[in-house]
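A.B. asks:
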Amino acid sequence: TVGWGLIGASTIAREWVIDAIRAADGKILSVMSSHFERARKYAAENGIENSTTDLNDLLSNADIDAVYISTTNELHRDQAVAAARAGKHILCEKPLAMSVQDAKAMADAAASAGVVLATNHHLRNSAAHTAIREAVAAGKIGRPLSARVFHAGYLPMHLHGWRLDNPSAGGGAILDLTVHDVDALRYVLGRNPTEVVAFAQSGGMTREGLEDAVMGVIRFEDGVIAQFHDGFTTKFVETGLEVHGTEGSLVGRNVMTQRPVGTVVLRTADGDKNLPVDGSNIYEGVVRTFHAAMNEGSPSATAEDGIWSLATALAVKRAVATGAAVKVETGL
Ligand code: NDP
-8 TVGWGLIGAS
2 TIAREWVIDA
12 IRAADGKILS
22 VMSSHFERAR
32 KYAAENGIEN
42 STTDLNDLLS
52 NADIDAVYIS
62 TTNELHRDQA
72 VAAARAGKHI
82 LCEKPLAMSV
92 QDAKAMADAA
102 ASAGVVLATN
112 HHLRNSAAHT
122 AIREAVAAGK
132 IGRPLSARVF
142 HAGYLPMHLH
152 GWRLDNPSAG
162 GGAILDLTVH
172 DVDALRYVLG
182 RNPTEVVAFA
192 QSGGMTREGL
202 EDAVMGVIRF
212 EDGVIAQFHD
222 GFTTKFVETG
232 LEVHGTEGSL
242 VGRNVMTQRP
252 VGTVVLRTAD
262 GDKNLPVDGS
272 NIYEGVVRTF
282 HAAMNEGSPS
292 ATAEDGIWSL
302 ATALAVKRAV
312 ATGAAVKVET
322 GL
């Protein structure tokens, strides 16, 4: 059994990751929060033995093999570096950090400590995304030319907090959602992004100067272009992911989600074919591949994947701020 410590008394852990760890035979031994009472209550409500406000207390527990970091984004770097130095494997939420430099410091700390650092780009464990990736790789749509990601929705009321009013915590739609689009596109296309253009909007939900919606285009290797729409403000629409090639299209509907739902159609001159997608829990897949990577191999999304998605999202932010096309620079 893998012993886990939670860094951050978060909603994502409560709604998804605690159950996923347990379903993958992990045991959660402690939770850390910055507030004593919240830590205690969170532990009690979620059946966790110990709670603490002291990171070193959690990291010095020898039974903890791995930590899950799901605090707000400005805290990830220092917590991940401390966890790596304490010899703990790390599953870290996206965006990995607030700057590429910080994300690299995390990757370096993990590499020198010989621990796994994974990014929670959960969609790599979505059966729908894997079906699209495999169809592209098998040449089912010929040469890929373009892609479209629809990832605008309505931010649930209980998450109306730092995402809407705190730029220094990594608020805004770009660091929240565009990072997932970039990773999903890299996964299905098997290509890296090279440059971006984008426009953003403050449509009434976010504080002035912070975007609650963004649209843009990312150019990938081999000249593939991908359009994305992310936002917190659209109440009445479903998500989607499409890849279009010289011989066909892959049309994923309702697939940019946390739940294992949605459909994928392969459309060619032979007609429409529904690709099989099973309903296995996406976050459980993340934890199972993470557990395996603690022994050998890689987690489904690595630190490098997190650096790519962050660097591209930051390029989108710069494109929005300057109105110019911006090259994606990872330094990898
Ligand atoms: P939350 O706002 O729920 O939690 C973030 C932090 O806010 C917590 O660590 C906690 O601090 C503090 N907090 C939580 N509840 C309260 C409260 N009632 N009052 C005061 N402070 C509170 O954020 P999310 O769970 O939505 O996101 C956390 C991280 O996970 C982010 O990095 C985000 O980008 C990522 N995320 C990833 C998803 C994915 O599918 N991969 C989905 C959703 C989020 P403390 O720990 O100090 O108690």
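When we follow our numbering, the leftmost residue of the sequence shown carries the number -8, and every step to the right adds one. Note that beta-carbon positions come from the ideal geometry of N, C-alpha and C, so glycine has one too.
Check whether the region 132 to 139 and the region 280 to 298 touch, using three or more Cβ-Cβ pairs below 8 angstroms as the test.
C.D. replies: Output reads no: the region 280 to 298 does not touch the region 132 to 139.
A.B. asks: If you draw a straight line from the C-alpha of L166 to the C-alpha of N41, how long is it?
C.D. replies: Each residue's alpha carbon lies about 32 angstroms from the other.
A.B. asks: Can you say whether A204 is buried or exposed, counting buried as having 16 or more other CB atoms within 10 angstroms of its CB?
C.D. replies: Its Cβ being crowded by 16 or more others within 10 Å, A204 is buried.
A.B. asks: Mind checking whether the beta-carbon of H142 lies closer than 6 angstroms to any heavy atom of the ligand NDP?
C.D. replies: It does not: the Cβ of H142 is nowhere closer than 6 angstroms to a heavy atom of the ligand NDP.
A.B. asks: Roughly how far, in whole angstroms, is the beta-carbon of F211 from the beta-carbon of L241, given that I think they are within contact range, below 8 angstroms?
C.D. replies: The Cβ separation is near 15 angstroms, so there is no contact.
A.B. asks: Just the C-alpha distance for K325 and G105, rounded to the nearest angstrom, thanks.
C.D. replies: Any answer about residue 325 is impossible in this case: the structure gives the chain only from -8 up to 323.
A.B. asks: Is it buried or exposed, Y178, if we count other Cβ atoms within 10 angstroms and call 16 or more buried?
C.D. replies: When all chains shown are included, Y178 counts as buried.
A.B. asks: Quick one: give me the first and last residue of the beta strand (DSSP E) that R139 is part of.
C.D. replies: That run of the beta strand (DSSP E) goes 135 to 143.
A.B. asks: Straight-line CA distance for L155 to N272?
C.D. replies: About 28 angstroms.
A.B. asks: Just verifying my parser: in three-state terms, what is the DSSP assignment at M206?
C.D. replies: In this structure, M206 counts as strand in the three-state DSSP scheme.
A.B. asks: CB G(-6) to CB S61, shorter than 7 angstroms?
C.D. replies: Cβ atoms of G(-6) and S61: not closer than 7 angstroms.
A.B. asks: What first and last residue would you give for the beta strand (DSSP E) that runs through W(-5)?
C.D. replies: Per DSSP, W(-5) belongs to the beta strand (DSSP E) from -7 to -2.
A.B. asks: Please classify I55 as buried or exposed, where buried requires at least 16 other C-beta atoms within 10 Å of its C-beta.
C.D. replies: When all chains shown are included, I55 counts as buried.
A.B. asks: If you pair each beta-carbon of the region 25 to 38 with each one of the region -3 to 14, do three or more pairs fall below 8 angstroms?
C.D. replies: Cβ pair count under 8 angstroms is three or more, so yes.
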